[in-house]
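Participant: Residue 42 in UniProt numbering sits at position 42 of the sequence shown, with consecutive numbering throughout. Don't be surprised by glycine CBs; every beta carbon is placed ideally from N, CA and C.
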Amino acid sequence: HKSGKVNKFVEETAGKLRLFFLPPYSPHLNPDEMVWGYLKHHKIGKMVVSGPEDLRKKVFSILRSLQKKTVRVASFFRAQDTQYILA
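1) Hey, would you say L86 sits closer than 8 angstroms to V59, going by beta carbons?
2) Residues in its own chain within less than 6 angstroms of S61 by CB, not counting five upstream and five downstream?
3) Measure the alpha-carbon distance for Y84 versus G51 and round it to whole angstroms.
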């Protein structure tokens, strides 16, 4: 990673955290993209949003709810293109 703070934090985890450098323009390799896709296609995309603050509140609410859905979160890492993370 390019940020000194991030590199320092990773070093302090004593090997419990690893960074993966993904090729540019490869969102299919990034589980974060699956999270945002889930929000967009299954949640936010079906809601009425009254403005930027309402959108922010709804996104945070959905993300908090998603944290409790461990099977769903695990599925983002079991997708064919993201299984490299589990190795």
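Facilitator: Checking against the coordinates, here is how it stands:
1) no
2) none
3) 38 angstroms
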